[in-house]
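What follows is a single structure, written as C-alpha coordinates, with notes after it.
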Amino acid sequence: MIFYLTAAKVVRRRGGSWDYWREVSWCAGLVALAGGAVLDHHDLRAHMLGHLLLGMVAPLLLVLAAPVTLALRILPVGAARRLVRLLRTRPVRVLTHPVTAAVLNAGGLWLWYATGLFGHTADRPWLHALVQIHVFAAGCLFTASIAGPDPMPHRPALPVRAAVLFAFLTAHGILAKHLYAHPPMAAPEDVSLQAAQFMYYGGDLVDLVLIVRLGREWWVRRSPLRHPAAAPGSSYG
1 MIFYLTAAKV
11 VRRRGGSWDY
21 WREVSWCAGL
31 VALAGGAVLD
41 HHDLRAHMLG
51 HLLLGMVAPL
61 LLVLAAPVTL
71 ALRILPVGAA
81 RRLVRLLRTR
91 PVRVLTHPVT
101 AAVLNAGGLW
111 LWYATGLFGH
121 TADRPWLHAL
131 VQIHVFAAGC
141 LFTASIAGPD
151 PMPHRPALPV
161 RAAVLFAFLT
171 AHGILAKHLY
181 AHPPMAAPED
191 VSLQAAQFMY
201 YGGDLVDLVL
211 IVRLGREWWV
221 RRSPLRHPAA
231 APGSSYG
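Set out below in C-alpha coordinates:
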(Lines of atoms letter the chains of each structure in order from A and count residues from 1; the text may use other names and numbers.)
(Lines give C-alpha, C1' and ligand atoms only; values in the text may rest on other atoms or scores of the structure.)
Protein backbone atom coordinates (compact mmCIF):
# COMPACT_ATOMS: atom_id res chain seq x y z
CA MET A 1 0.00 0.00 0.00
CA ILE A 2 2.77 2.42 0.98
CA PHE A 3 4.72 1.82 -2.24
CA TYR A 4 1.65 2.50 -4.40
CA LEU A 5 0.66 5.67 -2.56
CA THR A 6 4.24 6.92 -2.63
CA ALA A 7 4.48 6.25 -6.37
CA ALA A 8 1.28 8.22 -6.98
CA LYS A 9 2.73 11.16 -5.03
CA VAL A 10 5.92 10.98 -7.10
CA VAL A 11 3.88 11.22 -10.31
CA ARG A 12 2.06 14.32 -9.06
CA ARG A 13 5.28 15.87 -7.77
CA ARG A 14 6.72 15.55 -11.27
CA GLY A 15 3.78 17.49 -12.65
CA GLY A 16 1.75 14.51 -13.83
CA SER A 17 -1.71 13.44 -12.75
CA TRP A 18 -2.97 10.27 -11.10
CA ASP A 19 -6.60 9.74 -10.18
CA TYR A 20 -7.24 9.61 -6.46
CA TRP A 21 -9.94 7.01 -6.97
CA ARG A 22 -7.26 4.58 -8.17
CA GLU A 23 -5.49 4.98 -4.83
CA VAL A 24 -8.76 4.27 -3.05
CA SER A 25 -9.27 1.24 -5.28
CA TRP A 26 -5.79 -0.06 -4.46
CA CYS A 27 -6.26 0.33 -0.71
CA ALA A 28 -9.74 -1.23 -0.83
CA GLY A 29 -8.35 -4.13 -2.85
CA LEU A 30 -5.71 -4.83 -0.22
CA VAL A 31 -8.38 -4.73 2.50
CA ALA A 32 -10.52 -7.18 0.51
CA LEU A 33 -7.49 -9.41 0.00
CA ALA A 34 -6.74 -9.47 3.72
CA GLY A 35 -10.39 -10.11 4.58
CA GLY A 36 -10.67 -12.99 2.15
CA ALA A 37 -7.54 -14.61 3.53
CA VAL A 38 -8.61 -14.58 7.19
CA LEU A 39 -12.31 -15.48 6.99
CA ASP A 40 -13.28 -18.70 8.78
CA HIS A 41 -13.19 -21.46 6.19
CA HIS A 42 -14.95 -23.97 8.48
CA ASP A 43 -18.26 -22.22 7.82
CA LEU A 44 -19.40 -22.62 4.21
CA ARG A 45 -20.99 -19.17 4.05
CA ALA A 46 -17.91 -17.45 5.44
CA HIS A 47 -15.75 -19.51 3.12
CA MET A 48 -17.76 -18.41 0.10
CA LEU A 49 -17.53 -14.76 1.12
CA GLY A 50 -13.80 -15.27 1.44
CA HIS A 51 -13.72 -16.77 -2.06
CA LEU A 52 -15.53 -13.74 -3.47
CA LEU A 53 -13.19 -11.30 -1.74
CA LEU A 54 -10.02 -13.21 -2.58
CA GLY A 55 -10.79 -14.33 -6.12
CA MET A 56 -13.04 -11.60 -7.51
CA VAL A 57 -13.40 -8.41 -5.46
CA ALA A 58 -9.74 -7.92 -4.53
CA PRO A 59 -8.46 -8.67 -8.06
CA LEU A 60 -10.99 -6.26 -9.58
CA LEU A 61 -10.08 -3.41 -7.23
CA LEU A 62 -6.33 -3.95 -7.56
CA VAL A 63 -6.41 -4.27 -11.34
CA LEU A 64 -8.53 -1.11 -11.70
CA ALA A 65 -5.81 0.73 -9.77
CA ALA A 66 -3.56 0.25 -12.84
CA PRO A 67 -0.34 -0.66 -10.97
CA VAL A 68 1.62 -1.46 -14.14
CA THR A 69 0.82 1.93 -15.65
CA LEU A 70 1.88 3.60 -12.43
CA ALA A 71 5.14 1.64 -12.39
CA LEU A 72 5.90 2.64 -15.98
CA ARG A 73 5.42 6.30 -15.06
CA ILE A 74 7.86 6.34 -12.15
CA LEU A 75 10.53 3.83 -13.23
CA PRO A 76 13.74 5.02 -14.90
CA VAL A 77 13.63 4.80 -18.68
CA GLY A 78 15.80 1.68 -18.82
CA ALA A 79 13.76 -0.19 -16.23
CA ALA A 80 10.49 0.84 -17.87
CA ARG A 81 11.69 -0.46 -21.23
CA ARG A 82 12.68 -3.78 -19.66
CA LEU A 83 9.22 -4.07 -18.13
CA VAL A 84 7.61 -3.39 -21.51
CA ARG A 85 9.83 -6.03 -23.14
CA LEU A 86 8.79 -8.50 -20.44
CA LEU A 87 5.12 -7.82 -21.14
CA ARG A 88 5.75 -8.56 -24.81
CA THR A 89 7.43 -11.95 -24.27
CA ARG A 90 5.64 -15.03 -25.51
CA PRO A 91 5.20 -16.66 -22.05
CA VAL A 92 3.53 -13.52 -20.70
CA ARG A 93 1.46 -13.22 -23.86
CA VAL A 94 0.17 -16.79 -23.44
CA LEU A 95 -0.40 -16.44 -19.71
CA THR A 96 -2.37 -13.21 -20.05
CA HIS A 97 -4.55 -14.39 -22.93
CA PRO A 98 -8.21 -14.34 -21.84
CA VAL A 99 -8.72 -18.03 -22.67
CA THR A 100 -5.69 -19.07 -20.61
CA ALA A 101 -6.74 -16.83 -17.73
CA ALA A 102 -10.32 -18.12 -17.84
CA VAL A 103 -9.17 -21.75 -17.78
CA LEU A 104 -6.87 -21.06 -14.83
CA ASN A 105 -9.63 -19.19 -13.03
CA ALA A 106 -12.75 -21.26 -13.66
CA GLY A 107 -10.83 -24.52 -14.03
CA GLY A 108 -9.10 -24.00 -10.71
CA LEU A 109 -12.43 -23.38 -8.97
CA TRP A 110 -13.98 -26.50 -10.46
CA LEU A 111 -10.93 -28.52 -9.44
CA TRP A 112 -11.15 -27.17 -5.91
CA TYR A 113 -14.88 -27.57 -5.35
CA ALA A 114 -15.92 -30.45 -7.61
CA THR A 115 -13.18 -32.88 -6.61
CA GLY A 116 -11.78 -34.01 -3.29
CA LEU A 117 -9.22 -31.21 -3.20
CA PHE A 118 -11.33 -29.02 -0.92
CA GLY A 119 -11.38 -31.67 1.78
CA HIS A 120 -7.61 -32.07 1.63
CA THR A 121 -7.06 -28.35 2.26
CA ALA A 122 -8.93 -28.45 5.58
CA ASP A 123 -6.08 -30.11 7.49
CA ARG A 124 -3.17 -29.03 5.29
CA PRO A 125 -2.48 -25.31 5.83
CA TRP A 126 0.26 -25.24 3.20
CA LEU A 127 -2.12 -26.65 0.56
CA HIS A 128 -4.84 -24.24 1.60
CA ALA A 129 -2.39 -21.35 1.23
CA LEU A 130 -1.36 -22.54 -2.24
CA VAL A 131 -4.99 -22.73 -3.34
CA GLN A 132 -5.65 -19.23 -2.01
CA ILE A 133 -2.64 -17.87 -3.88
CA HIS A 134 -3.85 -19.54 -7.08
CA VAL A 135 -7.40 -18.20 -6.68
CA PHE A 136 -6.12 -14.65 -6.17
CA ALA A 137 -3.51 -14.77 -8.95
CA ALA A 138 -5.95 -16.35 -11.43
CA GLY A 139 -8.54 -13.72 -10.55
CA CYS A 140 -6.05 -10.93 -11.22
CA LEU A 141 -4.97 -12.47 -14.53
CA PHE A 142 -8.55 -12.92 -15.67
CA THR A 143 -9.65 -9.42 -14.71
CA ALA A 144 -6.62 -7.82 -16.36
CA SER A 145 -6.97 -9.88 -19.53
CA ILE A 146 -10.64 -9.03 -19.98
CA ALA A 147 -10.88 -5.35 -19.12
CA GLY A 148 -7.81 -4.16 -17.26
CA PRO A 149 -6.67 -0.54 -17.73
CA ASP A 150 -2.97 -1.40 -17.87
CA PRO A 151 -1.21 -1.72 -21.26
CA MET A 152 -1.27 -5.29 -22.48
CA PRO A 153 0.42 -5.93 -25.84
CA HIS A 154 -1.34 -8.42 -28.10
CA ARG A 155 -4.63 -8.09 -26.21
CA PRO A 156 -7.31 -9.94 -28.23
CA ALA A 157 -10.14 -8.09 -29.90
CA LEU A 158 -13.17 -7.01 -27.93
CA PRO A 159 -15.50 -9.76 -29.28
CA VAL A 160 -13.03 -12.44 -28.16
CA ARG A 161 -12.80 -11.02 -24.65
CA ALA A 162 -16.58 -10.64 -24.44
CA ALA A 163 -17.10 -14.26 -25.51
CA VAL A 164 -14.58 -15.50 -22.94
CA LEU A 165 -16.24 -13.42 -20.21
CA PHE A 166 -19.67 -14.85 -20.92
CA ALA A 167 -18.24 -18.38 -21.04
CA PHE A 168 -16.70 -17.76 -17.62
CA LEU A 169 -20.00 -16.39 -16.33
CA THR A 170 -21.71 -19.58 -17.43
CA ALA A 171 -19.09 -21.84 -15.85
CA HIS A 172 -19.17 -19.85 -12.61
CA GLY A 173 -22.97 -19.96 -12.44
CA ILE A 174 -23.09 -23.70 -13.06
CA LEU A 175 -20.49 -24.23 -10.35
CA ALA A 176 -22.59 -22.24 -7.87
CA LYS A 177 -25.57 -24.51 -8.57
CA HIS A 178 -23.32 -27.56 -8.27
CA LEU A 179 -22.19 -26.36 -4.84
CA TYR A 180 -25.78 -26.17 -3.65
CA ALA A 181 -26.48 -29.70 -4.82
CA HIS A 182 -23.09 -31.07 -3.73
CA PRO A 183 -21.60 -28.87 -0.98
CA PRO A 184 -17.86 -29.45 -0.46
CA MET A 185 -18.34 -29.75 3.31
CA ALA A 186 -21.09 -31.01 5.58
CA ALA A 187 -23.60 -28.21 6.07
CA PRO A 188 -27.36 -27.78 6.58
CA GLU A 189 -29.34 -27.23 3.41
CA ASP A 190 -30.09 -23.60 4.21
CA VAL A 191 -26.39 -22.90 4.76
CA SER A 192 -25.49 -24.56 1.45
CA LEU A 193 -28.16 -22.50 -0.28
CA GLN A 194 -26.89 -19.23 1.16
CA ALA A 195 -23.29 -20.08 0.27
CA ALA A 196 -24.29 -20.92 -3.30
CA GLN A 197 -26.26 -17.67 -3.53
CA PHE A 198 -23.24 -15.71 -2.32
CA MET A 199 -21.17 -17.24 -5.08
CA TYR A 200 -23.83 -16.89 -7.78
CA TYR A 201 -25.07 -13.36 -7.16
CA GLY A 202 -21.85 -11.98 -5.73
CA GLY A 203 -19.94 -13.22 -8.76
CA ASP A 204 -22.52 -11.66 -11.06
CA LEU A 205 -22.07 -8.25 -9.42
CA VAL A 206 -18.31 -8.34 -9.94
CA ASP A 207 -18.65 -9.58 -13.50
CA LEU A 208 -21.17 -6.82 -14.18
CA VAL A 209 -18.36 -4.31 -13.66
CA LEU A 210 -16.31 -6.10 -16.33
CA ILE A 211 -19.30 -6.08 -18.68
CA VAL A 212 -19.74 -2.33 -18.16
CA ARG A 213 -16.06 -1.74 -18.87
CA LEU A 214 -16.25 -3.77 -22.08
CA GLY A 215 -19.35 -1.82 -23.07
CA ARG A 216 -17.55 1.45 -22.43
CA GLU A 217 -14.60 0.31 -24.51
CA TRP A 218 -16.95 -0.63 -27.36
CA TRP A 219 -18.61 2.79 -27.15
CA VAL A 220 -15.27 4.62 -27.23
CA ARG A 221 -14.15 2.63 -30.27
CA ARG A 222 -17.47 3.35 -31.99
CA SER A 223 -17.11 7.10 -31.35
CA PRO A 224 -13.66 8.08 -32.67
CA LEU A 225 -14.69 11.69 -33.26
CA ARG A 226 -15.67 12.12 -29.63
CA HIS A 227 -12.50 10.42 -28.42
CA PRO A 228 -9.77 11.34 -30.91
CA ALA A 229 -7.02 9.96 -28.65
CA ALA A 230 -8.49 6.47 -28.60
CA ALA A 231 -6.64 4.01 -30.77
CA PRO A 232 -6.63 0.27 -31.26
CA GLY A 233 -4.76 -1.42 -28.45
CA SER A 234 -5.22 1.48 -26.04
CA SER A 235 -6.58 0.88 -22.57
CA TYR A 236 -9.62 2.41 -21.01
CA GLY A 237 -9.40 3.48 -17.45
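Residue 1 is where the sequence shown starts when you use UniProt numbering, and the numbers rise one by one after that. Quick reminder that beta carbons are idealized off the backbone N, C-alpha and C, glycines included. The model shown is predicted, which means the values in this text are computed figures rather than measured ones.
Taken in chain order, the whole alpha helix (DSSP H) runs of length 4 or more contained in the region 20-81 are 20-38, 44-52, 58-64, 67-74. Between the region 207-221 and the region 156-171, the count of Cβ pairs shorter than 8 Å is three or higher; the stretches touch. VAL206 and VAL57 have their C-alpha atoms spaced approximately 7 Å apart. Within the model, the alpha-carbon separation for ALA37 versus ASP43 is close to 14 Å.
Of the residues assessed, TYR201 falls on the exposed side of the cut-off, its CB having fewer than 16 other CB atoms within 10 angstroms.
In the three-state scheme derived from DSSP, where H, G and I count as helix and E and B as strand, GLY173 is classed as helix. Secondary structure note for SER192: its alpha helix (DSSP H) is the uninterrupted segment 189-222.
ILE74 and GLU23 have their C-alpha atoms roughly 15 Å apart. At the C-beta level, PHE136 and ALA101 stay beyond 8 Å of one another. PRO149 is positioned such that its CB atom lies closer than 8 Å to that of ALA66. Here ALA32 has LEU53, VAL57, ALA58, LEU61 as same chain residues with Cβ atoms under 7 Å from its own Cβ, once five neighbours each way along the sequence are excluded. Cβ contact annotation for LEU175 (same chain, cutoff 8 Å, sequence separation greater than five): ALA106, LEU109, TRP110, TYR113, ALA114, MET199, in chain order. By alpha-carbon distance to LEU193, the top candidate from ASP204, LYS177, GLY203, LEU208 is LYS177. In this structure THR96 is buried. Its beta-carbon is surrounded by 16 or more other beta-carbon atoms within 10 angstroms. When rounded, the separation of the alpha-carbon atoms in ARG90 and VAL191 is 45 Å.
For the pair LEU83 and VAL92, the CB atoms are not nearer than the 8 Å cut-off. Secondary structure of HIS128 (DSSP, three-state): helix.
Taken in chain order, the unbroken stretches of alpha helix (DSSP H) that lie wholly in the region 99-171 and span 4 residues or more are 117-121, 125-147. Beta-carbon to beta-carbon, ALA7 and LEU72 are separated by about 10 Å, too far to satisfy the 8 Å threshold. Straight-line measurement puts the Cα of LEU169 at about 28 Å from the Cα of SER223.
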